[in-house]
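First comes the structure, then the notes that go with it.
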Amino acid sequence: AQSVTQLGSHVSVSEGALVLLRCNYSSSVPPYLFWYVQYPNQGLQLLLKYTSAATLVKGINGFEAEFKKSETSFHLTKPSAHMSDAAEYFCAVTSNTGNQFYFGTGTSLTVIP
Amino acid sequence: GAVVSQHPSWVICKSGTSVKIECRSLDFQATTMFWYRQFPKQSLMLMATSNEGSKATYEQGVEKDKFLINHASLTLSTLTVTSAHPEDSSFYICSVRDRRQETQYFGPGTRLLVL
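Heads up: the protein sequence lines correspond to chains W and Y, in order. Numbering of the first sequence is given in my numbering, commencing with residue 4 and proceeding in unit increments. Numbering of the second sequence is given in my numbering, commencing with residue 9 and proceeding in unit increments.
Written out as structure tokens, the structure reads:
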């Protein structure tokens, strides 16, 4: 079975501050992990993904995430928050043999000017 | 990356009518597409897996006779909400699986409001 847990349904940071969105996964097989961003009334946009290559993954818009097997984590970070980063962020897990993506409950990021 | 389109982007209908939502894969042929539903402030819930040329696979609790899925070609899947009721009001999102990149790409979503 696979699942992800996103700690913190709401995160607020000041503009220019570090962004840290947490995701922990559970998987009985080697996981593929993803972060998606959703802006209001829009679909999901892929930020980055981990598929068993480098454990530190760089994505779009300055975001990156590190796969830590020992901690079963895949936290999303960005050194300096921008106002345009305000959105809903979803972590997801799947396997290389599975079709289904399992999504976390999402984290709403607010950036304070 | 892959581009997925949905049509319409939003629709308002009366209770009891049927609504068809289209999902198109614009960049590559997709044998598998997925349909999700998202309620406000909640995560995505997988409704069904649409398989080209065969019957869709529905998740537990999703009524297949109410949510009809047709995947008639490698680039088009449709979701028809039959006899829609206010509780069907939601944001419906489709996705396409790119096996080469081991990723799902999502459409922009269709917001359905049933009065």
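Ideal placement from N, C-alpha and C gives every residue a C-beta, glycine not left out.
For Ser83/W, does the three-state DSSP call read helix, strand or coil?
Reduced to three states, the DSSP call for Ser83/W is coil.
Whole-angstrom distance between Val19/Y and Gln68/Y, CA atom to CA atom:
Straight through space, the alpha carbons of Val19/Y and Gln68/Y are spaced by roughly 26 Å.
Can you grab the Cα-Cα spacing for the pair Thr65/Y / Ser58/Y, in whole Å?
A straight-line Cα-Cα distance of about 7 Å links Thr65/Y and Ser58/Y.
Selection of the region 103-115 of chain Y by Cβ proximity to chain W, strictly under 9 Å:
Answer set for the region 103-115 of chain Y: Ser103, Arg105, Gln109, Glu110, Thr111, Gln112, Tyr113, Phe114, Gly115.
Thr97/W and Pro34/W closer than 9 Å at C-beta:
Result yes, Cβ atoms of Thr97/W and Pro34/W sit closer than 9 Å.
Give the secondary structure of Pro116/Y by DSSP, where H, G and I count as helix, E and B as strand, and everything else as coil.
Judged by DSSP in its simplified three-state form, Pro116/Y adopts coil rather than helix or strand.
For the region 30-90 of chain W, list the beta strand (DSSP E) runs that are entirely contained and at least 3 residues long, ordered along the chain.
Note on the region 30-90 of chain W: whole beta strand (DSSP E) runs with a minimum of 3 residues are 34-41, 47-53, 59-61, 67-71, 76-81, in chain order.
Which term fits Met55/Y, buried or exposed, when burial requires 16 or more other beta carbons within 10 angstroms of its beta carbon?
Its Cβ being crowded by 16 or more others within 10 Å, Met55/Y is buried.
Cross-strand partners of Glu30/Y (DSSP beta bridge):
Partner(s): His15/Y, Thr86/Y.
Any beta-carbon of chain W closer than 9 Å to the one on Ser98/Y?
Not one chain W Cβ lies under 9 Å of Ser98/Y.
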